[in-house]
Structures are given as C-alpha cells and as structure tokens.
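Let me begin by presenting the structure, written as structure tokens, before commenting on it.
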Amino acid sequence: MSSLNPKQKQDLHNAILNYLTPLVSADSLGQLQKDLEVPHIENDNDLLPKKWNALLRLQRRITELELKLEQTKKLTPQTKLLDSNSTLVKFNWIPSETKKSLKATATVTCVDIHPTLPTFVTSSNDGSFTVWNYLDLTQPVAQIQAHSKQINHIAISPEPLDFNENNHVLVTVSSDLFVKVWDMKTLKLIRTLTGHEHSVSSVVFKNSNQIFTASRDTTIKLWDLKLGWCLKSFKGHSDWVRSLDVNENQEFILSGSNDQSARLSHGESGTGLGLLLGHNQVIETVKFLPSISNKYLDKLIPEATINDETYKKLGYKYAVTGGRDDIIRLWLLPIPTIRPHNHPIPSSNTQGLLVTELIGHGSWVKDLAFHPNGKILISCSDDKSIKFWDLQNMSCVNTVMGHTGFINSIKFAEPVWNNYENRLLEQLDDEKCDECIRTMFISGGTDEVVRVWQ
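Under my numbering, the first residue of the sequence shown is numbered 117, with each subsequent residue one higher.
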C-alpha cells in the first residue's frame, strides 16, 4: 500500500506527466494520464526539481541524525576509559576511525576549522588552499591558488571583523614571504602584508584585528589587519621560528624554534620572559595549556610553585612542546615581574620547569591540539599516527592510524558557546559543555589526503 496521501500522489503523478510530455507521443501520454487518473496536466516544470531538492535536504538531515545516534550508542573503549560513569558523548568523544578521506591538490601543510560554521580549510605545498563543507564532503566548496610557493600555515579569525563587513577572515602565510588576508565569505583577497625577509612559518590571532607571524628570518611580527601595518617586530630566537601560540588573555606568546628552545614573550612589547630548554632537536610545535587543564598538572609539581592567583592574572600557567626528538614535554612557565602601568619584565628565574614527558611517538612530533574537555592532549607525528593522551593519568589512551605519509597538522573544532560565550568549560556543568562541543576532528599530511574522523 502506498504511504502517500491523495495530494502527494496527485503531485507526483502530475510531475511525472510534466516530465514525460516532451518525450512521448500524445497517445501514450493520454493513456498514461488515464491510467494515473489525472483529470488534467498542470504545467509546473519546477515541481519535480523542488521535490527532488527537498528529498536531498531531508536525506542529508537523516544522515546527520544517524551519525549522532551512532555516536550516542557506540562509545569506544577509549572513551569509557575517560569516565566510565558518564553518559555524555561529546564531552568524552574521541575519534576512532576515518569518516571520509578527501583528496588534496598536494601535500597538506595545515588545517583549520571555522569557529562557528561547519566549514574547514586546508592548505597545501603547491600554494593553494581548499575550503570544505563538513556537511557535504562530495567536493570542495572552492580551491584558491593563493601563493606562488608553499603555504606553511593558516588561521581563521576567532571572531567576525568589523572592517570586513562582520565576516570572518582567513590568513595564509607562505614561503613566498607574503602574508595574505582573505574574506571567508567571498574568498576574495583583502590585502597582502609584506615585511618578512624569509619564509613565513606560523600565524596566530592576537585579537579580532591583529595577528602574530613567525618566520625563518628569526623574527616575530605583530600586524594590524585593518590598517595593514606591522606594529612590532622583534627577535628572541637565534634560528628559524617554526611555531607560535597566544595565551587566553592574548597578552603573551609562545614560540618554538630551530634553536631547540621555546620562548615565552610579552606580545605587545616583544620582551622575552622565559625559556624552555630541554629538547635536543628542532621544536616543531608549541601550545599554551588551556586553564581547564591546569588541575591535571598541578598534582605533579610542588605545592609551593602553584601560585594560582598570580597565574590567573597572567592568563597562562603551563605549556606543551613537541619536536624532532619525538618527545612531548609539558612545562610550568615562569612568572615575570609585573610593573604597574608598564609591560612585564623577566624575573630572576626565567627557566621553565619541566613537569613531565610523554613518550610514544616513533618520529617527529609535528602538531598538537586539545580536546575541548581539557583532559585530552592530541598529537600527530611523522610516524603516521595520531595519539590521544589522558592528562589525568599521563598516558596514551588511543592511537589512530590511517595516513600513509607524515601527518603535518591536526585540528579539533572549538566549542560554539551559544549563550555561554567566553565562559570556560570548568565554569559550566557537563551537560551544557556537551551541548557546546562540536565533534569535528581533521588531519592532513604528505600523503595528499585530508582525513575527517568520527
């Protein structure tokens, strides 16, 4: 028995007859009209395409709901290790297998995910970047030839920019020495920033209108995107600066270098405030630990060194570094001397304290990321693996494979806070955290493949 009601049947039959009118003889059309009991054919050539598009939208929604249901029913063993009593899925979700493998134009150098939309961007060593729609991965939204040489790093603005009609921007940095700013909505080039004298390696947003860039010319530069000016340029490293990160209050930066050191600096003045020494090879990646992760490292250091109130004012406490010695190191950052109405200066002790090491990768550690729950540190390596480290136990709770080449970049989507914007996870109950977390995790590498994980 048909599940269509009389009106739906009438619309379907009419659409079929409209489609067949130019294709069959008048006698055949008349007989079919009689068999289908259609008194007269309504001339509506758009009816069938409308129905078909509606069906596609419905199918896409069904696929999304099926994926969410599967994640709800199927908690992986690694997820259960995190909290065996929790029924929340997103809060404890760890990727376990590839959802989709996407062919890139060349070696994938960096990936980034839009802060609110289901959109992500990948860059390649052929100088192009590609925009993807997470809800429809059949083909890219766009591919842009942005630079004449390799794109080394990309970053999407965390907020819309007022000077860009309240649209987000994408910043790309390249071995062609240029920093380029793109409108994320139109994908048109807004401006090109020049000033570095060698390959530009990394870019991070300081705030909506400012960025930091690092370069093989050993400098770090602060730029005003609205004006296109370089506001500050400073040197702290003696060799190629590979990686940058900015802390939660956006006043301090971490940098990692070929000189085998990581450096803590005051962002606006460029003053060096601390050094992390311990790697015996190039440092490929550096990250500030989010404040929600502090409690897991606090138990590993003497109580006298915690100084929570001071660190809260600074907006940082711990850092993590990874590099070509295959080891991930976690550090307690030094406290600078704070001066009223002046920028901070180094204290008598500028050395970071090595808290612990995470050993497990068999080759260079290329990138680091954090799960929004603050409990899981994620790393990727030239050993073709991605590892998930439980900071509570300082152990690897999951390793996923899939790439056939070195993995250069990973990204876990930032939470979308809705009405809880600018709130920290530790200030919310788990249920509200679970609502805000997006289970999007992306990776890319030298096998010219972008992997979307589920």
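Think of the CB as a built atom: it goes at the ideal place given N, C-alpha and C, for glycine as much as any other residue.
Look at the Cβ atom of N241, then the Cβ atom of A258, and state whether they are nearer than 8 Å. Taking the first residue of the sequence shown as 1, we reach residue 241 at position 125. Taking the first residue of the sequence shown as 1, we reach residue 258 at position 142. No. Outside cutoff.
With distance defined between alpha-carbon atoms, name the residue in E384, V140 and L309 nearest to K322. Here residue 322 corresponds to residue number 206 of the sequence shown, with the count starting at 1. The residue with the shortest Cα to Cα distance from K322 is E384.
At what residue ranges does the region 309-344 contain a whole run of the beta strand (DSSP E), taking only runs of 3 or more? For secondary structure counted as the beta strand (DSSP E) over 3 or more consecutive residues, the region 309-344 holds these complete runs in sequence order: 316-323, 326-331 and 335-340.
Closer than 6 Å by C-beta to V319: which residues in its own chain qualify, once you throw out the five before and the five after it? Chain order, please. Sequence index remark: in the sequence shown, residue 319 carries index 203 (1-based). Once the five neighbours on either side are set aside, the close Cβ partners of V319 are H269, A271, V287, V289, I327 and T329.
Threshold first: 4 residues or longer. Then list the alpha helix (DSSP H) segments lying entirely within the region 382-424, N to C. Complete alpha helix (DSSP H) runs here, min 4: 410-414.
If you draw a straight line from the C-alpha of N363 to the C-alpha of L128, how long is it? Start at 1 with the first residue of the sequence shown, and residue 363 comes out as number 247. Start at 1 with the first residue of the sequence shown, and residue 128 comes out as number 12. The alpha-carbon atoms of N363 and L128 are separated by roughly 59 Å.
With contact counted as at least three CB pairs below 8 Å, one residue from each stretch, are the region 498-505 and the region 423-431 in contact? Between the region 498-505 and the region 423-431, the count of Cβ pairs shorter than 8 Å is below three; the stretches do not touch.
Since T431 and E367 are thought to touch, with beta carbons under 8 Å apart, how far apart are those beta carbons, to the nearest angstrom? Indexing the sequence shown from 1 puts residue 431 at position 315. Indexing the sequence shown from 1 puts residue 367 at position 251. Note on residue identity: the sequence assigns Gly, not Thr, to residue 431. Their Cβ separation, rounded to whole angstroms, is 6 Å, which keeps G431 and E367 in contact under 8 Å.
Please go through the same chain and pick out, in chain order, the residues whose beta-carbon is closer than 6 Å to the beta-carbon of S525, but skip the five residues on each side of it. The residue labelled residue 525 in the question sits at position 409 within the sequence shown. The answer, listed in chain order, is C226, V227, D483 and G560.
First through last residue of the beta strand (DSSP E) which encompasses S144: Against the sequence shown, residue 144 aligns to sequence position 28. S144 -> not in any beta strand (DSSP E); alpha helix (DSSP H) instead, spanning A142 to D151.
Taking the runs of the alpha helix (DSSP H) that are 4 residues or longer, which of them lie wholly in the region 228-308? Counting only runs of 4 or more, we get nothing.
To the nearest angstrom, report how far apart E551 and M517 are at their CA atoms. Here residue 551 is taken as the residue at index 435 of the sequence shown, counted from 1. Here residue 517 is taken as the residue at index 401 of the sequence shown, counted from 1. Those two C-alpha atoms are separated by around 28 Å.
Taking D292 as the reference, which of H312, E281, F245 and S273 has the closest Cα? Numbered from 1 along the sequence shown, position 176 holds the residue referred to as residue 292. Comparing alpha-carbon positions, the option among H312, E281, F245 and S273 lying closest to D292 turns out to be H312.
Would you give the residue range spanned by the beta strand (DSSP E) that L448 belongs to? Numbered from its first residue, the sequence shown carries residue 448 at position 332. Residues I443 to L448.
Compute the Euclidean distance between the alpha carbons of K411 and H263, then round it to the nearest angstrom. As a first step, residue 411 must be located in the sequence shown, where it is residue number 295. As a first step, residue 263 must be located in the sequence shown, where it is residue number 147. Their backbone Cα atoms lie some 43 Å apart in a straight line.
Give the straight-line distance between the Cα atoms of V402 and T254, rounded to the nearest whole angstrom. Numbered from 1 along the sequence shown, position 286 holds the residue referred to as residue 402. Numbered from 1 along the sequence shown, position 138 holds the residue referred to as residue 254. Cα to Cα, V402 sits roughly 34 Å from T254.
Give the single residue among I422, P138 and H519 whose Cα lies nearest to the Cα of L448. Start at 1 with the first residue of the sequence shown, and residue 448 comes out as number 332. Ranked by Cα distance from L448, the first of I422, P138 and H519 is I422.
Considering L133, what are the terminal residues of the alpha helix (DSSP H) in which it resides? Here residue 133 is taken as the residue at index 17 of the sequence shown, counted from 1. Looking at the DSSP string, the run of the alpha helix (DSSP H) that includes L133 is P122 to L136.
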